[in-house]
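In my numbering, the protein residues as written are 2 to 330.
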């Protein structure tokens, strides 16, 4: 029985993966593209339509007079609430977005706060759940390390030690996902590129905030055993972290940038490094490459790409994490 259930779950996942593309498909299309039998597709599509997750409409086949069933994902079936903890130029914010099953943002809001307290988080989440009863999952993005749902080494100091899943349990039983902001941005970039074989790193060099990176290795975010992977602020420089922070300015940042990138290339060997943050400009890339070439042989050098707005991948990465778990449940 368990095996039959597992097979049904995997077959359903194949159909969902196809429909999450946002396109419409006939039953024949779905049978052909998933490799499932017509009988299996018929049974599973009927179940998905009955639950409301999938919508079916009839489309007349040209010149035959007959009609065919066409299936698509129902964007009203459920929503994902994406909650981002953000700090820019000392200003702290809660950024909330309601995202549909196809990745469209239904609404978004930024709440600026002097400090982000647990009550602020709960109040905002509960309000959105009340306004959007179809929210089925909450995804949190954090500028810090996350292990077992607990935040540490966060750029927003008052969030250190916060157990987000436990906090959410006080008000809601919805499933919760939580991840590092760089990991989620990197995953969003990777998914938007749609290249399953690529190895990509996003390297973030902001002004007056410690740097960080995140790498995707053929579809998997490299988080490490405790979530520390990519946190290059912990590299063994000849000075402490306080001094490193003071160097995160346009005049002194180059040694830190080069050490970060050379270390990542040597350890991860990404094909592309997406460089972003207030300390990075397109004009700096040749100098950065030249400095890295002192340590990295040319044949192993990554391609450097300047990205002025990595945040456009943030919510998308959160959404893709939500549907990845949805499909694999």
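Where a beta carbon is used, it is the ideal one built from N, C-alpha and C, also for glycine.
Same chain, Cβ closer than 7 angstroms to residue i, neighbours up to 5 away in sequence not counted
i	result
residue 146	153, 154, 181, 228, 229 and 232
residue 45	12, 13 and 16
residue 203	183, 186, 187, 190, 214, 215, 275, 277 and 311
residue 104	317 and 320
residue 283	307
residue 224	184 and 230
residue 264	233 and 236
residue 305	274, 276, 286, 289 and 290
Beta-bridge pairing of residue i - partner residues as DSSP gives them
i	result
residue 121	Residue 121 is not bridged to any residue.
residue 205	213 and 277
residue 251	Bridge partners of residue 251: none, in fact.
residue 180	142
residue 58	71
residue 235	DSSP lists no partner for residue 235.
residue 164	151
residue 218	200 and 221
residue 307	276
residue 136	80
residue 26	72
Spatial distance of residue i from residue j (CA atoms)
i	j	result
residue 149	residue 89	26 angstroms
residue 174	residue 112	24 angstroms
residue 144	residue 183	8 angstroms
residue 69	residue 47	14 angstroms
residue 240	residue 260	13 angstroms
residue 49	residue 237	53 angstroms
residue 201	residue 272	6 angstroms
residue 253	residue 292	14 angstroms
residue 247	residue 288	22 angstroms
residue 71	residue 19	13 angstroms
residue 163	residue 119	8 angstroms
residue 25	residue 56	10 angstroms
residue 123	residue 54	28 angstroms
residue 121	residue 94	11 angstroms
residue 256	residue 245	10 angstroms
residue 226	residue 218	15 angstroms
residue 313	residue 322	15 angstroms
residue 158	residue 243	15 angstroms
Selected residue, minimal CA-CA separation from residue i, among the options
i	options	result
residue 315	169, 29 and 179	179
residue 222	239, 236, 206 and 192	192
residue 130	172, 118, 246 and 106	172
residue 86	110, 71, 305 and 106	110
residue 194	160, 220 and 226	220
residue 96	140, 289, 61 and 249	140
residue 126	94, 151 and 169	169
residue 302	8, 266, 235 and 284	266
residue 128	285, 142 and 84	84
residue 269	294, 235, 199 and 243	199
residue 37	60, 299, 322 and 8	8
residue 205	158, 258 and 166	258
Residues of its chain near residue i, where Cβ-Cβ distance is below 8 angstroms and the 5 sequence neighbours each way are ignored
i	result
residue 137	79, 80, 81, 175 and 176
residue 156	88, 144, 145, 210 and 211
residue 42	16, 28, 31, 32 and 35
residue 92	113
residue 135	77, 78, 79 and 80
residue 21	74, 102, 103, 324 and 328
residue 23	73, 74, 103 and 104
residue 250	208, 209 and 280
residue 160	86, 117, 143, 145 and 152
residue 106	98, 99, 100 and 316
CB contact check: residue i to chain D, cutoff 8 angstroms
i	result
residue 228	Absence of chain D from the displayed structure is noted, only one protein chain being present.
Residues near residue i in its chain [Cβ-Cβ closer than 6 angstroms; skip 5 each side]
i	result
residue 133	80 and 99
residue 10	none
residue 39	32
residue 61	68
Taking only runs that begin and end inside the segment 67-120, name each unbroken beta strand (DSSP E) of 3 or more residues, in chain order.
68-74, 80-89, 92-100 and 106-114
Starting from the N-terminal side, write out each stretch of the alpha helix (DSSP H) that is 4 residues or longer and does not extend beyond the segment 9-53.
28-35 and 39-52
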